[in-house]
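Structure record follows, encoded as structure tokens.
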Amino acid sequence: MKRGIVSALALSLALTGCSALPYAHEIDQTVLMEVLGVDAGPGEAVAITAASAGRGGTGESPGQDPLVLSAQAGTITAACAQMQTCGEQYVFYGNVEQVLVGEAAARRGLENLLGQMARDPNLRLEANLWVVKGGEAAGPLLDAAGEGGAPGRLAALAQDAELLGGPLAKTAREVLAELLENGCALLPALERRAAEEGEGTQGEDTLAAAGYAVLRDGALLAFTQGQETLGASLLLGWGHGGLLAFSDGAGGTVTLRLTGVRTTLEPSFDGGRLAGLTVTCRLETQAAEFQGWNSRLSETGRLALEEALEARAEGAMEEALALFQELDADCLRLGARAALAAPWRKDALEEQWAAAFPTLDITLEVEGRVARG
Numbered sequence: 000m001k002r003g004i005v006s007a008l009a010l011s012l013a014l015t016g017c018s019a020l021p022y023a024h025e026i027d028q029t030v031l032m033e034v035l036g037v038d039a040g041p042g043e044a045v046a047i048t049a050a051s052a053g054r055g056g057t058g059e060s061p062g063q064d065p066l067v068l069s070a071q072a073g074t075i076t077a078a079c080a081q082m083q084t085c086g087e088q089y090v091f092y093g094n095v096e097q098v099l100v101g102e103a104a105a106r107r108g109l110e111n112l113l114g115q116m117a118r119d120p121n122l123r124l125e126a127n128l129w130v131v132k133g134g135e136a137a138g139p140l141l142d143a144a145g146e147g148g149a150p151g152r153l154a155a156l157a158q159d160a161e162l163l164g165g166p167l168a169k170t171a172r173e174v175l176a177e178l179l180e181n182g183c184a185l186l187p188a189l190e191r192r193a194a195e196e197g198e199g200t201q202g203e204d205t206l207a208a209a210g211y212a213v214l215r216d217g218a219l220l221a222f223t224q225g226q227e228t229l230g231a232s233l234l235l236g237w238g239h240g241g242l243l244a245f246s247d248g249a250g251g252t253v254t255l256r257l258t259g260v261r262t263t264l265e266p267s268f269d270g271g272r273l274a275g276l277t278v279t280c281r282l283e284t285q286a287a288e289f290q291g292w293n294s295r296l297s298e299t300g301r302l303a304l305e306e307a308l309e310a311r312a313e314g315a316m317e318e319a320l321a322l323f324q325e326l327d328a329d330c331l332r333l334g335a336r337a338a339l340a341a342p343w344r345k346d347a348l349e350e351q352w353a354a355a356f357p358t359l360d361i362t363l364e365v366e367g368r369v370a371r372g
């Protein structure tokens, strides 16, 4: 997203302030939409899908099943207006807390969506943004309609990320701020796949976490794959609650839970030229489960696990850094964080960072600790 476009969105946000209250409507004649899906339509059109949660009845007022509506138009506003004509009930978008963007729409760019969320009094910049990898946003919303609605599933995914160290949900306001600062951002990605045992009815589709979506200039460039997701989280200083399994080479495994991640940066200069960056990551873990191991780790086994932990983390961060440097996308805000670590070099970092980042020499130092006991 070009800096001028982002600045315009920020100005629009400042001018609009708090959302205006909607026109008064009887609550039993109003559908409170909680999830919005944004997909690329034919040509320049946009396809919008809106989903509500189920609502229990009170007194003589009947409850409501989850409702999913969709429409296509040239703009988000026009598509949302079309959905008002789909029935007798008033469709209210002020309760939207989750916004899913299909991959094709994300590759087109999020400028229009973020601009609409900043200007429209019926939408909220505090809503979480997600990118649907390999598909459209409409599919998962339709799938969830028969399972109690999409809002509950997305809220569960956001909670799982906090508990298990996955990519955290991010609000539209946070994304707008990151794009304004350096033109790049990471968003949590989701994918629609067949449910496995324990996830519901086996074989049916479910919505699951799928790493990070990488944005530059407001548009989707790529997704993190495999260990790149772990590496990106560690470089951000995140991952608390994540589980890492290691083999003993004899059929047994031990699973470590991340209990602490601390990542610091230190830039280096050759005269006045930015020469490199050292990233130090300190990991704290504890054994969560043993399979084929003794219930207690020997000191030799613990030290061996620490070495394996350091190697896994370093490899993951190397993969993530290689991806971001290849894409010329500092989604981790390494430049800004390096400036905070060396404020006396702030001016030089700001002047040189953009040109230096794709080929900058980045050194990783990892310290892993496995708690005794």
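Residue numbering for the sequence shown follows numbering that gives the first Met the number 0, beginning at 0 and increasing consecutively. Glycine is no exception: its CB is placed at the ideal position from the N, C-alpha and C atoms. As the structure is a computational prediction, the values presented were derived from the model and not from experiment.
Own chain, CB closer than 7 Å to residue i, minus 5 neighbours either side, in chain order
i      : result
LEU233 : VAL260, THR262, CYS280, ALA312, ALA315, MET316
ALA354 : none
ARG301 : VAL369, ARG371
Proximity below 8 Å, CB of residue i to CB of residue j
i      : j      : result
LEU282 : ARG336 : no
ALA49  : TYR92  : yes
ALA149 : LEU140 : yes
ILE361 : GLY275 : yes
PRO266 : ALA208 : no
LEU206 : ARG172 : no
ALA103 : ASP204 : no
LEU220 : LEU175 : no
GLU309 : VAL365 : yes
GLY133 : GLU190 : yes
Residue span of the beta strand (DSSP E) that contains residue i, given as start and end
i      : result
GLU190 : 183 to 193
PHE245 : 242 to 246
ASP360 : 360 to 369
ALA50  : 45 to 51
TRP129 : 127 to 132
GLN285 : 272 to 290
GLY36  : 29 to 39
ARG256 : 252 to 269
GLY334 : Where GLY334 is concerned, there is no enclosing beta strand (DSSP E), although the alpha helix (DSSP H) it sits in stretches over 333 to 340.
Neighbourhood of residue i by C-beta distance below 6 Å, restricted to the same chain and skipping five residues each side
i      : result
GLY230 : ALA315, MET316, GLU318, ALA319
LEU214 : ALA184
THR358 : none
SER246 : THR252
LEU363 : VAL278, GLU313, MET316
GLU288 : THR254
GLN115 : ILE75
VAL130 : VAL100, ALA105, LEU186, ALA188, ALA212
VAL98  : LEU35, ALA126, LEU128
TRP343 : none
Cβ-Cβ separation, residue j to residue i (assumed contact under 8 Å), whole Å
i      : j      : result
ASN127 : GLU96  : 7 Å
THR284 : LEU264 : Contact flag wrong, Cβ pair sits at about 22 Å.
ASN94  : GLU135 : At roughly 22 Å, the Cβ-Cβ gap does not stay under 8 Å, so ASN94 and GLU135 are not in contact.
THR170 : LEU124 : 7 Å
Delimiting residues of the alpha helix (DSSP H) encompassing residue i
i      : result
ARG152 : 149 to 163
SER232 : 226 to 234
GLY300 : 298 to 326
GLU350 : 345 to 355
Contacting residues, own chain, Cβ-Cβ under 8 Å from residue i (five flanking each side not counted)
i      : result
ASN181 : ASP329, ARG332, GLY334, ALA335
ALA347 : PHE268, GLY271, LEU273
PHE356 : GLN324, ASP327, ASP329, LEU333, GLY334
VAL45  : VAL37, ASP38, ALA39, GLN71, ALA72, GLY73, THR74, ILE75, ALA78, ALA104, ASN111
MET82  : ILE47, ALA49, LEU68, SER69, ALA70, VAL90
Three-pair Cβ contact test at 8 Å for the stretch 236 to 250 versus the stretch 321 to 328: no
Cβ contact (3+ pairs, closer than 8 Å) linking the stretch 148 to 168 and the stretch 116 to 125: no
Inter-stretch contact (C-beta, 8 Å, three-pair minimum) for the stretch 62 to 72 and the stretch 97 to 110: no
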